[in-house]
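Trainee: Numbering (full-length UniProt numbering), first residue to last: 1 to 86.
Structure below; questions to follow.
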């Protein structure tokens, strides 16, 4: 099993789907830009596949953000979960 995580402490969380939707990019468009199969993007988004360091860096570069914005070893906090009014 290449790239698949076998234990919870090896899970890589990502914001690929959020970044894609935010920028109006389809899985197929992202895959073509990165030179990977479009199903790979789905596997990455669902956490079923951990990217190589090279692919992770290329994804971050594609979106123009730091790799830490896209990938994390801890779950990302929910955006807009609890809003506070001033």
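Think of the CB as a built atom: it goes at the ideal place given N, C-alpha and C, for glycine as much as any other residue.
Whole angstroms are fine: how far does the CA of residue 27 sit from the CA of residue 20?
Mentor: Here residue 20 is taken as the residue at index 20 of the chain shown, counted from 1. Here residue 27 is taken as the residue at index 27 of the chain shown, counted from 1. Those two C-alpha atoms are separated by around 8 Å.
Trainee: Kindly provide the ranges of any alpha helix (DSSP H) runs that are 4 or more residues long and lie completely inside the UniProt domain "HTH cro/C1-type" (16 to 70), ordered along the chain.
Mentor: Counting whole runs of 4 or more residues, the UniProt domain "HTH cro/C1-type" (16 to 70) contains the alpha helix (DSSP H) stretches 16 to 23, 27 to 34, 38 to 45, 53 to 63, 67 to 70.
Trainee: Given a threshold of 16 other Cβ atoms within 10 Å of its Cβ, counted over all protein chains shown, does residue 54 qualify as buried or as exposed?
Mentor: The residue you call residue 54 lines up with position 54 of the chain shown. Per the 10 Å Cβ criterion, exposed.
Trainee: Residue 57 and residue 14 - do their beta-carbons sit closer together than 8 Å?
Mentor: Reading the chain shown from its first residue, position 14 is the one you call residue 14. Reading the chain shown from its first residue, position 57 is the one you call residue 57. For residue 14 and residue 57, no; Cβs fall outside 8 Å.
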